[in-house]
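Undergrad: Okay, here's the structure, questions in a sec.
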Amino acid sequence: MNPYRRIHFRTWAVAISVAGTCLPSAQTEEKKADTTVWHDVASWGVEGQGWAKEDLKTRYDRLPSKAEKIVRGPVWSLSRHSAGISFRFNTDAPEIKIRHTVGGANLAMPHMPATGVSGVDLYGLDSDGKWKWVDVTRPKAVETTHTISGIDPGMRTYMGYLPLYNSTVQVEIGIPEGSTFQPVAPRAQRPIVFYGTSITHGACASRPGIPHPAILGRRLDYPVINLGFSGNGRMEAEVGALLTEIDAAVYVIDCLPNMNAQTVSERAEPLVRQIREVRPETPIILVEDRSFTNSWIFASRRNHHQESRAALIRAFDSLVSSGVKHLYYLEGENLLGDDTEGATDGSHPNDLGFVRQADAFEPVLKRALGLK
11 MNPYRRIHFR
21 TWAVAISVAG
31 TCLPSAQTEE
41 KKADTTVWHD
51 VASWGVEGQG
61 WAKEDLKTRY
71 DRLPSKAEKI
81 VRGPVWSLSR
91 HSAGISFRFN
101 TDAPEIKIRH
111 TVGGANLAMP
121 HMPATGVSGV
131 DLYGLDSDGK
141 WKWVDVTRPK
151 AVETTHTISG
161 IDPGMRTYMG
171 YLPLYNSTVQ
181 VEIGIPEGST
191 FQPVAPRAQR
201 PIVFYGTSIT
211 HGACASRPGI
221 PHPAILGRRL
231 DYPVINLGFS
241 GNGRMEAEVG
251 ALLTEIDAAV
261 YVIDCLPNMN
271 AQTVSERAEP
281 LVRQIREVRP
291 ETPIILVEDR
301 SFTNSWIFAS
311 RRNHHQESRA
321 ALIRAFDSLV
331 SSGVKHLYYL
341 EGENLLGDDT
351 EGATDGSHPN
361 DLGFVRQADA
371 FEPVLKRALG
381 LK
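Numbering (this note's numbering) for the sequence shown: 11 to 382.
Here it is, written out as structure tokens:
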């Protein structure tokens, strides 16, 4: 028998066998019905906002609607981003779905991925009570549905962070029918309030849970309000007036990356006194600008840091000498480390840089909050 004919016959026979086994399976397979039960986060509330939902223009804004006529246009526009806003829930579901819609079509930036700009980031409490990362959505359009399956059994608490550099229109959590779901209301605890620049805002974190305000909120077990405005953290009195409306546990003023020595000299001391007039006992932390990670080779950048920091030190000394209490100071030279690896573009922290910033901020915040 011709061996080539034998091989051909066997191949043909296998094809018939495979086709014969697949066809009945395809005919009898039934599509499973989707039994996901959806829960709208807006129905139980979020942390990271200093004003009641009735005072907001849309549900996930960071400044009240009245601010549109108070602050500069860029500040108002950036305040529509949902940076730092978080929500919590309990579930024993083996599968969690996150369905969310963002308001802007620009899902990513050249130096920051869509997961950070427009994603929803999920953390869970482990058996030791520590927050651990679970998963993040990966937006490819303004509407995203992301499924997390195969979760270990057991009831646990989860926390989700909303997009950093996009507005959030809606966010829902879906679990299988029959699983337990318990919304966790926002804490009434006084928050840590950060006022700052694009770095506070979250550039260039790969995920919304990575910026140092979010890391510190988890470490210290405090709610956090992120009032970082990219390119527009300038110690402005209009923003200062809004800050005083928040009953904060501590104010962190971190605006120097958007300022120079002259504006620091003009605005730092007045901003602190503005806050003190309304909140006489609330701790305030003044933060120097982080060092550009390539400033070692650019004299102009080193000089800029030196001049701005000197102006902030003068303001701090003047405030302390005049009797202002509960004032703290954080130097900026090593906020991103000393190996030049802490930033994406020399200015904005990468994930490593944000962890290093959290490490630097933590002891000062603990002193201000009276924590051990």
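Just so you know, even glycine gets a beta-carbon here, dropped at the ideal spot from N, CA and C.
Alpha carbon to alpha carbon, what distance is there between W141 and R228?
TA: Taking the straight line from one Cα to the other gives about 7 angstroms.
Undergrad: Taking DSSP as the reference, what is the three-state secondary structure of S35?
TA: At S35 the pLDDT is 40, less than 50, meaning the model places this residue with poor confidence; the figure from the coordinates comes in the next sentence. The answer is helix: DSSP assigns S35 an H, G or I state.
Undergrad: Hey, would you say E279 sits closer than 7 angstroms to S328, going by beta carbons?
TA: Yes, Cβ-Cβ distance for E279 and S328 is below 7 angstroms.
Undergrad: Does T210 come out as helix, strand or coil in the three-state DSSP assignment?
TA: Note: T210 maps to helix in three-state DSSP.
Undergrad: T147: buried (16+ other C-beta within 10 angstroms of its C-beta) or exposed?
TA: The residue in question, T147, is buried, as its Cβ has 16 or more Cβ neighbours within 10 Å.
Undergrad: Grouping DSSP H, G and I as helix and E and B as strand, with all else coil, what is E248?
TA: If DSSP states are grouped into helix, strand and coil, E248 belongs with the helices.
Undergrad: Note down the Cα distance separating S275 from S189, rounded to an integer number of angstroms.
TA: The alpha-carbon atoms of S275 and S189 are separated by roughly 57 angstroms.
Undergrad: Skipping 5 residues on each side, what residues in its chain have a beta carbon closer than 7 angstroms to that of T155?
TA: Answer for T155: K107, R109, listed in chain order.
Undergrad: Between T45, Y168, I323, which has its C-alpha nearest G219's C-alpha?
TA: For G219, the nearest C-alpha among the options comes from Y168.
Undergrad: Determine the DSSP secondary structure at Q367, reduced to helix, strand or coil.
TA: Q367: helix per DSSP, three-state reduction.
Undergrad: What is the DSSP secondary structure of F308, counted as helix, strand or coil?
TA: Coil, per DSSP.
Undergrad: Please give me, in chain order, every unbroken run of the beta strand (DSSP E) with length at least 3 that falls completely inside the region 160 to 222.
TA: Runs found: 166 to 171, 178 to 186, 191 to 194, 202 to 206.
Undergrad: For S305, which residues from the same chain have a beta carbon less than 7 angstroms from its beta carbon, with the 5 sequence-adjacent residues on both sides left out?
TA: Excluding positions up to five away in sequence, the list reads R311, R312, H315.
Undergrad: List the whole-angstrom C-beta distance separating R90 from S177, where the pair is believed to meet the contact cut-off of C-beta under 8 angstroms.
TA: Contact flag correct, Cβ pair sits at about 5 angstroms.
Undergrad: Provide the residue span of the beta strand (DSSP E) that contains G126, from first to last.
TA: Unbroken run through G126 is the alpha helix (DSSP H), 124 to 128; no beta strand (DSSP E).
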